[in-house]
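First up is the structure itself, then whatever we jot down about it.
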Amino acid sequence: MLRCALIACVLLVIGGCSKQSDRATASADTSTASEAAPELPTATDQDASVTDAASRENSPAVASARERSVGGRDPHDHAGDLSALRSATAAMREPSAYRDAVGAMAESAVAEVSESARAAVAESAGTNNGPFADLPAGATFEPGQSFATIQVFYATDRARGPLSLSAYDVTGKHQQLKILCGSSLLLFVLSGMFWISRRSRLAVSTTMLATGAAVMAAGLVVLGHTGIEKHGVTYSGDRGILARGISEVTVPVSHQRGQVERPSLLRFEFREDQSEHIVLTTATELSKSEFQERLAETVATSQDRDLLVFIHGYNVNFESAVQRTAQMAVDLPFEGVPVCYSWPSQGRLMGYSIDENNSQWTVTHLKEFLSELASDSGARSINVVAHSMGNRAMTAAMKQIQWETKTELPVFDRIVLAAPDVDADHFRRDLAPSLMSIANQVTLYASSDDQALIASKRVHGYPRAGESGTNLVVVPGIETIDVSGIDLSLLGHSYYGDNQSILRDLYEVVRARLPARRRGSLVPRRAGELTYWQLAQEPATETTHR
Numbered sequence: 002m003l004r005c006a007l008i009a010c011v012l013l014v015i016g017g018c019s020k021q022s023d024r025a026t027a028s029a030d031t032s033t034a035s036e037a038a039p040e041l042p043t044a045t046d047q048d049a050s051v052t053d054a055a056s057r058e059n060s061p062a063v064a065s066a067r068e069r070s071v072g073g074r075d076p077h078d079h080a081g082d083l084s085a086l087r088s089a090t091a092a093m094r095e096p097s098a099y100r101d102a103v104g105a106m107a108e109s110a111v112a113e114v115s116e117s118a119r120a121a122v123a124e125s126a127g128t129n130n131g132p133f134a135d136l137p138a139g140a141t142f143e144p145g146q147s148f149a150t151i152q153v154f155y156a157t158d159r160a161r162g163p164l165s166l167s168a169y170d171v172t173g174k175h176q177q178l179k180i181l182c183g184s185s186l187l188l189f190v191l192s193g194m195f196w197i198s199r200r201s202r203l204a205v206s207t208t209m210l211a212t213g214a215a216v217m218a219a220g221l222v223v224l225g226h227t228g229i230e231k232h233g234v235t236y237s238g239d240r241g242i243l244a245r246g247i248s249e250v251t252v253p254v255s256h257q258r259g260q261v262e263r264p265s266l267l268r269f270e271f272r273e274d275q276s277e278h279i280v281l282t283t284a285t286e287l288s289k290s291e292f293q294e295r296l297a298e299t300v301a302t303s304q305d306r307d308l309l310v311f312i313h314g315y316n317v318n319f320e321s322a323v324q325r326t327a328q329m330a331v332d333l334p335f336e337g338v339p340v341c342y343s344w345p346s347q348g349r350l351m352g353y354s355i356d357e358n359n360s361q362w363t364v365t366h367l368k369e370f371l372s373e374l375a376s377d378s379g380a381r382s383i384n385v386v387a388h389s390m391g392n393r394a395m396t397a398a399m400k401q402i403q404w405e406t407k408t409e410l411p412v413f414d415r416i417v418l419a420a421p422d423v424d425a426d427h428f429r430r431d432l433a434p435s436l437m438s439i440a441n442q443v444t445l446y447a448s449s450d451d452q453a454l455i456a457s458k459r460v461h462g463y464p465r466a467g468e469s470g471t472n473l474v475v476v477p478g479i480e481t482i483d484v485s486g487i488d489l490s491l492l493g494h495s496y497y498g499d500n501q502s503i504l505r506d507l508y509e510v511v512r513a514r515l516p517a518r519r520r521g522s523l524v525p526r527r528a529g530e531l532t533y534w535q536l537a538q539e540p541a542t543e544t545t546h547r
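For the sequence shown, the working numbering gives the first residue as 2, with consecutive numbering after it.
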């Protein structure tokens, strides 16, 4: 800041001198205008001017000023700034040198600002350039809107829910509803205290007030108006037939990378708000042929004609699965077409055993759907990301596709196993070879902080493929990434979509298509004769693992 102020002062002095010189020149020109016309410079004069400029460029005064301005000293070294100002002031006494010296200082300051800007842009690249820097294919965002609409294609073998999406739309005026509900709750608490203390008159009064506030809140819900209009179908946790469709999910401008914003009672949020939350607004079933046609059209409009297929894990309902797919597509960012496959998870913690059965039951449908994408979507690149128990269905389906396919070329581009809840020994022996032959690159994310997988190991008696530490799965041809210490959440199980470091690495896998040795945030580690990779919280230099 001080350097900029000093340069500004010098430039003001120069400006004053220039104005005085211009006035003198103008006066002289006026007095001699009637005597002679001005002469245009000849080619010889221009050459001499260029030669003089070049000599000034290499003059000791200019070189000294540049050396002082770009010399690698501490930016807070104000003594150096004062010295530079004295030198520039002294140089001003020489008519041919002072402009060059100060010009060099100004050029240096501009260069430093430009370099800082370039560094800031480089630092932000691949991290968080705003939620709508690169939207997926089919997405829409109008300037002035508080949200973007993300189109997510889906397939599911869940049974249809008993009610449509519109039946779940809670209406009501936002602020008034908050005030009335909060007041009602507070008054009910006070009335309880009055009843306990046997202050019956106050207890009756507060109870009546609390009841009145609750009735008014209910009236707002019934009679009020909301900006969210939902329509389409819903799906339950029961088994159904394979259905296909298109959903629309709105993502707010205020969206924070790595989060799926939902209403919270702790913040007195009683309904979804498109300006604050990620909201599923539409789910429309399509016939198989119509789905394939719509998908192929959208793929054709995308930049790289690629797909991102997400397969969720245990304890996830249909709505959450589609919301997570949209969030990942926005946060990577992924400019292709996002696709969600949702199998009949119960969407509750106590449904683990049922989810295990359904993750195996869905394999036939998942294999059918993935095969359709490979043959009919028109995509040049199909990337599959599976999480937790969803990896059981995905790996089994891939094994069947690999066995049935007649081509030796890979069918899929990138396959990512995030925290796979799969038997580690079964994965090494039976599943890994199939994945390596059917995909161009296979990446496995594992963590020793994953409490869900630790619990799964206790239940099944054997390590899981998503664990690290002594049980880390390292297989030749598969890039294993140890992300221990990155996710500081309670369970440490949803890092694939919540953690920015992992989202950055996932971007380099899916979008940049970089192998592990070329990804700057990975550090090589040894497991016997094999190599795996450690995800660093701060990006490592690329030369450390070439």
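Glycine included, each C-beta is placed from N, C-alpha and C at the ideal position.
Only a predicted model underlies this, so the values are computations on that prediction, with no experimental measurement involved.
Here Ile242 has Asp158 as same chain residues with Cβ atoms under 8 Å from its own Cβ, once five neighbours each way along the sequence are excluded. Secondary structure of Glu509 (DSSP, three-state): helix. Scanning its chain for C-beta atoms nearer than 6 Å, with the 5 sequence neighbours on each side dropped, one finds around Arg306 the residues Val300, Ala380, Arg381, in chain order. Apart from sequence neighbours up to five positions away, the residues of its chain that approach Glu270 with a beta-carbon distance below 7 Å are Pro264, ordered along the chain. The alpha carbon of Gly233 has as its nearest neighbour, out of Leu166, Arg161, Val364, the alpha carbon of Leu166. With a threshold of 16 other beta carbon atoms within 10 Å, Pro253 meets it and is buried.
If you draw a straight line from the Cα of Phe413 to the Cα of Val364, it is about 17 Å long. If you draw a straight line from the Cα of Leu186 to the Cα of Leu432, it is about 55 Å long.
With contacts defined by Cβ atoms closer than 8 Å, Val474 and Ala425 form a contacting pair. Here DSSP, grouped into helix, strand and coil, assigns Ser448 to strand. Residues of the same chain with a CB within less than 7 Å of the CB of Leu188, apart from the 5 flanking positions on each side, are Thr207, Leu210, Ala211, Ala214 in chain order.
Here the segment 500-517 makes no contact with the segment 449-461; the two share fewer than three CB pairs at distances below 8 Å. Taking C-alpha positions only, Val386 is separated from Gly139 by approximately 20 Å. Between Arg258 and Leu410, the beta carbon gap of about 35 Å keeps them out of contact (Cβ cut-off 8 Å).
Between Glu277 and Glu262 a beta carbon distance of about 6 Å is seen, short of the 8 Å cut, so the two are scored as contacting. Judged by DSSP secondary structure, Ile247 falls within the beta strand (DSSP E) whose first and last residues are 236-253. The C-alpha of Pro163 is placed about 26 Å away from the C-alpha of Met390.
Its Cα nearest to that of Leu374, the residue Val338 stands out among Arg349, Ser346, Val338, Gly348.
Taking the CA atoms as reference points, Ser201 sits about 10 Å from Met194. Residue pairing of Cys341 in beta bridges, as defined by DSSP: Tyr155, Phe311. When secondary structure is reduced to three states using DSSP, Phe148 falls in the strand class. If you draw a straight line from the Cα of Val323 to the Cα of Glu405, it comes to about 29 Å. Rounded to the nearest angstrom, the gap between the Cα atoms of Val190 and Trp196 is 10 Å. In this structure Val317 is not in contact with Gly352, their Cβ atoms being roughly 10 Å apart against a cut-off of 8 Å.
A straight line joining the alpha-carbon of Pro345 with that of Asn359 spans about 6 Å.
Closest in C-alpha terms to Glu291, from the list Leu333, Tyr342, Asp377, comes Asp377. Cα atoms of Arg415 and Glu336: separation of roughly 16 Å, rounded to the nearest angstrom. A Cβ-Cβ distance of about 16 Å is found for the pair Arg459 and Val423, leaving them out of contact under the 8 Å criterion. Exposure of His461 is indicated by the presence of fewer than 16 other C-beta atoms within 10 angstroms of its C-beta. Rounded to the nearest angstrom, the gap between the Cα atoms of Arg526 and Tyr342 is 34 Å. Lys368 counts as buried, since at least 16 other C-beta atoms from the protein chains shown sit within 10 angstroms of its C-beta. Judged by DSSP in its simplified three-state form, Gly529 adopts coil rather than helix or strand. Buried is the label assigned to Arg245, since at least 16 other Cβ atoms lie within 10 Å of its Cβ.
For Val340, the CB contacts under 6 Å within the same chain, skipping 5 residues up- and downstream, are Phe154, Leu308, Val310 in chain order.
Taking all protein chains shown into account, Thr251 has 16 or more neighbouring C-beta atoms within 10 Å of its C-beta and is therefore buried. With 16 or more other Cβ atoms inside 10 Å of its own Cβ, Lys231 counts as buried.
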